[in-house]
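Protein chains: 2
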Amino acid sequence: MSERGPDPATAGYAGQRPRSRRPLHESAADRLRDMIVEGELAPGERIREQALCDRLGVSRTPLREAMKVLAAEGLVTLQPNRGAMVSDPSPADIADTFKVIGALEALAGELACERVDENDVAEIRVLHYQMALHQTRGELREYFRLNQRIHERLVELSGNRVLIEAHRQLGGRIRRQRFVANRSGARWEQAMREHEQMLDALASRDGRRLADILRLHLDNKLTAAERFDRETEKPLALLAD
Amino acid sequence: MSERGPDPATAGYAGQRPRSRRPLHESAADRLRDMIVEGELAPGERIREQALCDRLGVSRTPLREAMKVLAAEGLVTLQPNRGAMVSDPSPADIADTFKVIGALEALAGELACERVDENDVAEIRVLHYQMALHQTRGELREYFRLNQRIHERLVELSGNRVLIEAHRQLGGRIRRQRFVANRSGARWEQAMREHEQMLDALASRDGRRLADILRLHLDNKLTAAERFDRETEKPLALLAD
DNA sequence: TTCATAATTTTTGCATACAATTTTAGGGAG
DNA sequence: CTCCCTAAAATTGTATGCAAAAATTATGAA
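Here's what the structure looks like:
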């Protein structure tokens, strides 16, 4: 589920022997990210090192190193001498995260408009219409997947590596919320309209407009999520569009 | 010297004494941040664990944990089985970082305008005129210190904790560059004019204008830094204003 | 019972030992 | 002299043991 880096231990073709095996603390971090996103480790849940070690089949040293990384990413919260827990962001934290992601994507949109060539636009267009197809067919899961790809790809097209990394990291923090909310189809039509505007703005290289649309898009996403939350009376679960 | 994150042992309610002593890996991380900012560890320099352990007086376990944190912050770069090195961001990386910081501060400006009361504005005003005084006196160091405080405080006034943390982290990555460049007084006048505009916009709660000024301010900062770099023929050293 | 307190167990923090990998040094062969 | 191969040294990755701290249970008095 998590986007792993290429695994040097297994990625080799025949003859291209990996120079070394992937460190356990990296694999452990990946596994932990997955477990958190998929809810195998619930938000707020206390994490006991030895228990996790048994489950992952590693010793405490690499696990603890992985935990430090996850903490820096905001996925777990460390309490000195009192162990760690899966981060349980408040609705306010999640709203804050959306605001920041919105600002990052807005910047990405502006930068992308200055760099994209016709190929890039065409690629986004393909993704967009694939997503539209899934939407009309009501294929929720595929729709969300494409949606996320589009946003990610747009950020990549900014060519700003710092931006890409910051966006990826913040997105990871609320991935679980999106994962959980994959069942709600609310706001599809509006979201699709906004995505069409995004595509238009990108195609015409109108960076300022694209930035505005992205900010608005993220704001609306948050609003919809908050309404969804109020209606379902469950912890803030967010839409992924 | 380093802006430490909130200490989990002391953060929380006022008067809540630390229940235990600060973990070694946290202290080590703080020390390492300082050493990197001050150039005691040079960019690109290979980091040997045992040597650092001897210097810091800790064993490898907490040091390695600290290194994982620093890597997540972007201050060091890890190469599996091949050790770590102090990150040596390219001019492009630094430019990218400035762009993202600009977007974050722009968002902070907008949010701050919706929240600040007269006290907050007055506080910024005081910092501003203190900075102006240091500028006319040519007190470079104090000028930079106040300058940084103003930007940090503005971001804090956004009330968005995710934003504050992201800004703090990205600022940390280029702190060494600013530290090195503390000798250049270029662009003071222009920077001061921009800061006056910032104060105006904040006082009149004009979020959109403040955001634009901040973006421009950061862009100009980068441009000046790049020119400074070309002129001195040294690795990109950045102004701190 | 209920609260406080002391003993016990569990869990975390750190150092160290060992294994795996990479880097370096040393010899030839061409 | 350079290149390549091999062995030694150095360095990183992982497991484990022990000490310190926290959580839990047990104990006793009001």
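First to last, the sequence lines map onto chains A and B. For the first sequence, position 62 matches number 54 in the working numbering, and the numbering has no gaps at all. For the second sequence, position 158 matches number 150 in the working numbering, and the numbering has no gaps at all. Even glycine gets a Cβ: it sits at the ideal position worked out from N, Cα and C.
Residue from the options whose Cα sits closest to the Cα of residue i
i: residue 89 of chain A; options: A:100, A:66, A:107, A:105; result: A:66
i: residue 180 of chain A; options: A:26, A:161, A:133, A:192; result: A:133
i: residue 195 of chain B; options: B:156, B:30, B:117; result: B:117
i: residue 91 of chain A; options: B:91, B:87, B:96; result: B:96
i: residue 48 of chain A; options: A:24, A:110, A:83; result: A:24
i: residue 193 of chain B; options: B:101, B:126, B:154, B:81; result: B:101
i: residue 169 of chain A; options: A:22, A:81, A:70, A:146; result: A:81
i: residue 187 of chain A; options: A:165, A:131, A:121, A:167; result: A:121
i: residue 165 of chain A; options: B:98, B:154, B:58, B:115; result: B:154
i: residue 16 of chain B; options: B:59, B:85, B:114; result: B:59
i: residue 41 of chain B; options: B:30, B:57, B:114; result: B:57
i: residue 146 of chain B; options: B:109, B:130, B:85; result: B:109
Straight-line Cα distance separating residue j from residue i
i: residue 185 of chain A; j: residue 104 of chain B; result: 31 Å
i: residue 201 of chain B; j: residue 200 of chain A; result: 15 Å
i: residue 74 of chain B; j: residue 208 of chain A; result: 45 Å
i: residue 142 of chain B; j: residue 212 of chain B; result: 17 Å
i: residue 144 of chain B; j: residue 159 of chain B; result: 8 Å
i: residue 34 of chain A; j: residue 215 of chain A; result: 24 Å
i: residue 148 of chain B; j: residue 32 of chain A; result: 35 Å
i: residue 3 of chain A; j: residue 151 of chain A; result: In this prediction, residue 3 of chain A scores a pLDDT of 35, lower than 50, which makes its location untrustworthy; the coordinate-derived value is nonetheless stated afterwards. Going by the C-alpha atoms only, they are around 26 Å apart.
i: residue 39 of chain A; j: residue 218 of chain B; result: 47 Å
i: residue 20 of chain B; j: residue 28 of chain A; result: 28 Å
i: residue -5 of chain B; j: residue 136 of chain A; result: Any reading at residue -5 of chain B must be qualified, since the residue scores a pLDDT of 42, below 50, and its modelled position is unreliable; the value itself is stated next. Their Cα atoms are separated by approximately 39 Å.
i: residue 72 of chain A; j: residue 157 of chain B; result: 20 Å
i: residue 126 of chain B; j: residue 18 of chain B; result: 35 Å
i: residue 94 of chain B; j: residue 198 of chain A; result: 20 Å
i: residue 113 of chain A; j: residue 128 of chain A; result: 22 Å
i: residue 111 of chain A; j: residue 167 of chain B; result: 38 Å
i: residue 163 of chain B; j: residue 162 of chain A; result: 17 Å
i: residue 5 of chain B; j: residue 79 of chain A; result: Unreliable positioning characterises residue 5 of chain B in this predicted model, as indicated by a pLDDT of 33, which lies under 50. The coordinate reading is nonetheless provided below. Cα to Cα, the separation comes out at about 19 Å.
i: residue 85 of chain B; j: residue 85 of chain A; result: 28 Å
Same chain, Cβ closer than 6 Å to residue i, five either side skipped, listed in chain order
i: residue 7 of chain A; result: Note that residue 7 of chain A has pLDDT 34, beneath the 50 cutoff, so the model's placement of it is unreliable and no number is given.
i: residue 189 of chain B; result: 205
i: residue 203 of chain B; result: 98, 101, 102
Contact set between residue i and chain B, taken where Cβ atoms lie within less than 7 Å
i: residue 56 of chain A; result: 57
i: residue 234 of chain A; result: This structure cannot settle anything about residue 234 of chain A, because the visible part of chain A is limited to -7 through 233.
Contact list for residue i against chain A, beta-carbon separation under 8 Å
i: residue 152 of chain B; result: 88, 91, 92
Proximal residues to residue i (C-beta, below 7 Å), its chain only, five neighbours per side dropped
i: residue 45 of chain A; result: 51, 52, 55
i: residue 87 of chain A; result: 214
i: residue 210 of chain A; result: 90, 93, 94, 97
i: residue 107 of chain A; result: 149, 151
i: residue 61 of chain B; result: 21
i: residue 191 of chain A; result: 116, 117, 120
i: residue 64 of chain B; result: none
Interface partners of residue i on chain A, CB under 7 Å
i: residue 61 of chain B; result: 60, 64
i: residue 158 of chain B; result: 92, 158
i: residue 216 of chain B; result: Ordered by position in chain A, no residue passes the 7 Å Cβ test against residue 216 of chain B, which lies about 19 Å from the chain.
i: residue 114 of chain B; result: Ordered by position in chain A, no residue passes the 7 Å Cβ test against residue 114 of chain B, which lies about 26 Å from the chain.
i: residue 202 of chain B; result: Going along chain A, no residue has its Cβ under 7 Å from residue 202 of chain B, so there is no contact; the nearest lies around 14 Å.
Residue i CB to nearest heavy atom of the ligand GDP below 8 Å
i: residue 61 of chain B; result: Of the ligands one can find in the structure shown there are none, so the ligand GDP has no counterpart to examine.
Residues that residue i contacts on chain A, provided the C-beta gap is smaller than 9 Å
i: residue 85 of chain B; result: 153, 154
i: residue 69 of chain B; result: Per Cβ cutoff of 9 Å: no residues; residue 69 of chain B is ~13 Å from chain A at best.
Listed by chain order, chain B residues near residue i by CB distance under 8 Å
i: residue 15 of chain A; result: 72, 73
i: residue 128 of chain A; result: Simply none; closest approach about 35 Å.
i: residue 193 of chain A; result: Here the premise fails: no neighbours, minimum Cβ distance about 17 Å.
Under 9 Å from the C-beta of residue i: neighbouring residues of chain B
i: residue 24 of chain A; result: By Cβ distance, chain B contributes nothing, its closest Cβ being about 13 Å from residue 24 of chain A, past 9 Å.
Residues of its chain near residue i, where Cβ-Cβ distance is below 8 Å and the 5 sequence neighbours each way are ignored
i: residue 77 of chain A; result: 36, 37, 38, 39, 68, 69, 71
Threshold first: 4 residues or longer. Then list the alpha helix (DSSP H) segments lying entirely within the stretch 150 to 220 of chain B, N to C. 153 to 165, 167 to 172, 180 to 195
Start-end ranges of the beta strand (DSSP E) lying completely within the stretch 46 to 75 of chain B, minimum 3 residues: 68 to 70
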